[in-house]
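Below: the structure, in structure tokens.
In the numbering used here, the protein residues as written are 42 to 323.
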């Protein structure tokens, strides 16, 4: 059995097209390293429901698990880790599209290094509990909007769970981790969206827990370079420029690509604060 398991989540409610797009990208871009492909069918209640998906996978070496459509992606990933026994896991969500060859090798070359505990194709400094948008950086309309979004209810119900900006975290749309590290993560039930946000980017999130194990989180770009958290803003992988160093896209990175310059600028401010105003070559 290979040391690496690539887990792709396929949710029935999303329909066939996201899976078809993922599979096309998987077949067009060799991973560069031996691995097992595990398809995680979520919300498929009958064996007949997966037949059309398995037809697309004919000739592709893989295994699969079926799980109920309860909770969110991260809950499904922990189920996969508990049921399987590979040394490393690469998790790709339902909307992942691979953009370059040797993508898995590039991730593996960093996660297998001593002192590295978590690698992702994207990371962010943003905090959903605390806005990094400064009044002097944006016009008065967007300042008023930010002020209204972050008033009393958010202070009481959301802010206690998240660090202020910069809130370094690996986005869980696409990431790689050792099995033994994953099993040490405290996670709770993961039945609500907020619980999932907290585990992804909260004070007790995956990235923070990995750092408490004296291990580093890193973003890996299409260039194969590993970026430490202070460099994520210049990695050009998430919500910066043309995102041309992105290794695996997801629905959020593709949505950014389609937006106009004004909205892109606001999203850049959310993810990177004042660093978004600096040219990428600085």
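Glycine included, every Cβ here is placed at the ideal spot set by N, Cα and C.
Any idea which residues DSSP pairs residue i with across the strands?
i	result
residue 259	160
residue 267	261
residue 165	210
residue 137	Bridge partners of residue 137: none, in fact.
residue 290	138
So the alpha helix (DSSP H) residue i belongs to, where does it begin and stop?
i	result
residue 275	Per DSSP, residue 275 belongs to no alpha helix (DSSP H) and is neither H nor E.
residue 51	Looking at the DSSP string, residue 51 is not in any alpha helix (DSSP H); the run it does join, the beta strand (DSSP E), is 45 to 52.
residue 312	302 to 313
residue 59	58 to 69
residue 236	234 to 242
residue 116	114 to 124
residue 199	Note, residue 199: premise wrong, no alpha helix (DSSP H); not H, not E.
residue 154	Unbroken run through residue 154: none, as it is neither H nor E.
residue 249	247 to 253
residue 101	No alpha helix (DSSP H) contains residue 101, which DSSP labels as neither H nor E.
Under the rule that 16 or more other beta-carbon atoms within 10 Å means buried, what is residue i, buried or exposed?
i	result
residue 217	buried
residue 58	exposed
residue 223	buried
residue 262	buried
residue 274	buried
residue 163	buried
residue 124	exposed
residue 111	exposed
residue 7	The structure shown has nothing for residue 7, since the chain only spans 42 to 323.
residue 296	exposed
residue 89	exposed
residue 276	buried
residue 317	buried
residue 78	buried
residue 258	buried
Nearest-angstrom Cα distance between residue i and residue j?
i	j	result
residue 86	residue 122	21 angstroms
residue 271	residue 70	29 angstroms
residue 229	residue 236	8 angstroms
residue 311	residue 96	42 angstroms
residue 315	residue 152	30 angstroms
residue 253	residue 208	15 angstroms
residue 193	residue 170	Residue placement at residue 193 is flagged as unreliable, the pLDDT there being 42, under the threshold of 50; the coordinate-derived value follows with that caveat. If you take the alpha carbons of residue 193 and residue 170, they lie about 11 angstroms apart.
residue 91	residue 50	13 angstroms
residue 60	residue 47	14 angstroms
residue 140	residue 227	32 angstroms
residue 332	residue 94	Nothing can be reported for residue 332: it is not among the residues displayed for the chain, which extend from 42 to 323.
residue 56	residue 278	27 angstroms
residue 231	residue 119	10 angstroms
residue 206	residue 100	47 angstroms
residue 98	residue 288	23 angstroms
residue 130	residue 219	6 angstroms
residue 290	residue 126	27 angstroms
Return the first residue and the last residue of the beta strand (DSSP E) that residue i is part of.
i	result
residue 77	77 to 83
residue 218	215 to 219
residue 132	129 to 133
residue 105	104 to 108
**Asked** Per the contact definition of three or more C-beta pairs closer than 8 angstroms, is the region 131 to 141 in contact with the region 232 to 242?
**Response** no
Is it true that the region 66 to 80 meets the region 138 to 148, where meeting means three or more beta-carbon pairs spaced less than 8 angstroms apart? yes
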